[in-house]
Amino acid sequence: MRTMPLSKDLSLDQINHLIETGHVFVTPFGLNRTAYIVVNHKPFMVIATDISIRGVQLSGAWYTWEDLEAMGGVYESEFDALKAIADGV
């Protein structure tokens, strides 16, 4: 069996089975997409290279979700990162 994306061709029972067995997750952003982390109160562009339940790999370095929160968060756009810095996150 190969990895395949969810599609509207799956029945509701199939989707519910995937959810119940822990195969379906919601990720904050997609793989191989740019994201921004806050480093020393400045946005820093990274590439999301892998995402797991406990953390994310950004430009080759693994971070736990807790570590990212402590650093100031991870954002989809530079604007969101700058806004978080301005808001005092």
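For the sequence shown, the numbering used here gives the first residue as -10, with consecutive numbering after it. Here a beta-carbon is modelled for each residue, glycine too, at the ideal position from N, C-alpha and C. From a predicted model like this one, the values you see are computed outputs, not experimental measurements.
- Remark: three or more beta-carbon pairs, one from each stretch, lie closer than 8 angstroms, so the segment 37 to 50 and the segment 16 to 23 are flagged as touching.
- Of the residues I74, A24, S(-4), the one whose Cα lies closest to the Cα of V13 is S(-4).
- Between L71 and P32, the beta carbon gap of about 6 angstroms places them in contact (Cβ cut-off 8 angstroms).
- The C-alpha of D76 lies about 14 angstroms from the C-alpha of Y64.
- Exclusion of the five residues before and after M34 leaves T23, A24, Y25, E67 as the residues of its chain whose Cβ lies within less than 8 angstroms of its Cβ.
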